[in-house]
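Comments concern the structure below.
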Amino acid sequence: MKTRIEVILGLVIIGTTLAFGGVQVIAASIMEVVLFALAFFLLWKQAQRGVINLPLPIWPVLLVLLVALQIVPLPSSLVSFLSSTRSVDLKLMGAQASAPSWATLSVYPHETLAGLMRLLAYLSAFVLVAYVFDFRTRKSTLLRLLILLGCFEAAYGIVQYVTGWQKIFTYTKNFDLEEATGTFINRNHFAGFLEMVLPFVLAYAFYYFQTWSRRRYSKESGQSSGRGSAEQVLFYIFLMVIMVVAVIFSRSRMGILVTIFTIIAVALLAQLRVQRKIWMLGILLFIGVVVGYGLWIGVGPVLARFELVGEPGYLRIEGRFAIWKDVLHQIRDFPIVGSGLGTFGLVYRGYQSTLVNLSVDHAHNDYLEFTSDTGVLGAALLFLPIFYLLARMIVSFLDDPRSYRRAVTLGCIGSTTAILLHSVTDFNLQLPANALVFAVVLGIGYKIACIDRPAESEAGPEAHDP
């Protein structure tokens, strides 16, 4: 059963990603239906056995309850107490007609209901992955499918950039016509997706490097087995080169910076475990190959994007800073519980002071947008547990005796770090495909760091895996 769930989850990720990242309503709806069906199937199977045991922490449950509270009609006095701005809205409504005795915290309950369904779908993916992932098999169908999809997206993006064939299957792109975007509409989302996949490729290279290193310095193993592991290391490094080049060709400045930072941070973290000079030499060689390959193909337009930052008046031209300033005013008016999950694009129109000829649907900062939608309370329930889980994963990685699980944990650390950094300047977590992948990554990390490791500690020491 676990294998089937894992395969279906992988297919859902593939389908949502190939469908323009899930930006179309039909693609996102199919994703939600399948994830809900899988979650119901798991509950049904557990109910048949007489024991329901879901790997579900309390924090996302509290976040779901908060969002549900936003769409439940409450006494107007309570709504006014929790949200002063909604209190003004209700007074204006009362001035035009009879004052409503009941109201919702969400300014647009329909949009919040849709956001709640999306949140529940991601939570379902988190729980399903935390249930099915098994490090003891030393192979994960889900991770292999994710890496395969990442390779496809990277190759697709490189072809777009090098040949100028700016199409997504039969669809002709209207934006980012000189950049690699893969099957995504937005280059930043394309870079964000690869940022989450790339650390797992590096993690597999790290795993086989550990195997090669152990066999190389062991007198019990033959030379041929060590050679096989070395070939695996080179294979995954080759895949890393392809993905990093694709990120560079996306011309996403934050994507490029985050990718470089993540590779260096993950490599240094891995160095603490392997303590082999050849590992860091290999990473430096890898960076050199990427730079050389990029220069050979041509990175002039990419460098031109970075040169814009140094031009006079750049901060005034760059729209993100002006948007963030307006969003802060919006948060000030809805500080505790927000204006309603999914309502940012509608509420922001009343605060928009820049780019007034454009419709701004997102804040280009996931932290600000979630705070605007769910208030400080909702943002804390979402992000603080994620940062805590990241810390738990780092601790787990540093003292984990099992090499495969240690490598997968390293991938989760890199993937989580990358998307959290990129979220400062973009809205990857608002995109169904990327948010789904992030939920899967967190589910794997939670299973390893918060379920498996504590269970082993209680059971006592056990043998290390090779």
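The numbering used here puts the first residue of the sequence shown at 3, with every later residue one more than the last. No residue lacks a Cβ here, since even glycine has one placed at the ideal position from N, Cα and C.
Evaluate residue i with the Cβ neighbour count: other Cβ atoms within 10 Å of its Cβ, from every protein chain shown; 16 or more gives buried, anything less gives exposed.
i: M198; result: buried
i: I280; result: exposed
i: N359; result: exposed
i: G321; result: exposed
i: Q212; result: buried
i: G12; result: buried
i: V268; result: buried
i: D454; result: buried
i: K449; result: buried
i: S226; result: Below a pLDDT of 50, predicted positions are generally treated as unreliable, and S226, at 48, falls in that range; the measurement from the model is reported next regardless. Exposed: under 16 other Cβ atoms inside 10 Å.
i: H191; result: buried
i: T411; result: buried
i: L370; result: buried
i: H331; result: exposed
i: S103; result: exposed
i: Q162; result: buried
i: A30; result: buried
i: Y133; result: buried
i: F389; result: exposed
Alpha carbons only, please: which of the options is nearest the one belonging to residue i?
i: A248; options: Y350, V235, T5 and I262; result: I262
i: A157; options: L241, V109, L438 and T87; result: L241
i: F385; options: T114, A39 and L65; result: L65
i: L40; options: D428, A127, I415 and V339; result: A127
i: L400; options: V276, I453 and F336; result: V276
i: A207; options: I187, Q273, T183 and F154; result: Q273
i: S252; options: E181, V292 and I415; result: E181
i: S341; options: Y173, V378, T356 and V362; result: V378
i: A205; options: Y406, P456 and E34; result: Y406
i: A324; options: G290, V362 and V291; result: V362
i: G380; options: A232, F336 and I160; result: F336
i: L45; options: A193, G352 and V129; result: V129
i: I54; options: V63, P62 and F42; result: F42
i: P201; options: L444, A420 and Q432; result: A420
i: I60; options: L343, P387 and A30; result: P387
i: F135; options: M3, H424 and L392; result: M3
i: R404; options: I258, F137, K175 and R217; result: F137
i: F372; options: I10, T418 and D428; result: D428
i: G447; options: D402, M395, R216 and L431; result: M395
Between which two residues does the alpha helix (DSSP H) carrying residue i extend?
i: I262; result: R255 to V276
i: M395; result: D368 to D401
i: K4; result: K4 to L20
i: L343; result: Segment: none, L343 is in no alpha helix (DSSP H) and carries neither H nor E.
i: L405; result: Per the sequence shown, the amino acid found at residue 405 is Ser instead of Leu. Start and end: S405 to H424.
i: V53; result: Run containing V53: none; DSSP gives neither H nor E here.
i: Y124; result: P111 to V134
i: H331; result: G321 to D335
i: A451; result: Unbroken run through A451: none, as it is neither H nor E.
Between the beta-carbon of residue i and the beta-carbon of residue j, is there less than 8 Å?
i: I149; j: V235; result: no
i: I15; j: V442; result: yes
i: F288; j: I250; result: no
i: L67; j: A105; result: no
i: V69; j: T356; result: no
i: M245; j: L196; result: yes
i: Y124; j: T345; result: no
i: F177; j: I170; result: no
i: V426; j: N367; result: yes
i: Y209; j: A409; result: yes
i: G416; j: T264; result: yes
i: T19; j: A435; result: yes
i: L84; j: I338; result: yes
i: V25; j: L433; result: yes
Please decide whether residue i counts as near chain C, where near means a Cβ-Cβ distance under 8 Å.
i: L45; result: Although the question refers to chain C, the structure presented lacks it and comprises just one protein chain.
Residue ranges of each alpha helix (DSSP H) within the region 165-238, 4 or longer: 189-218
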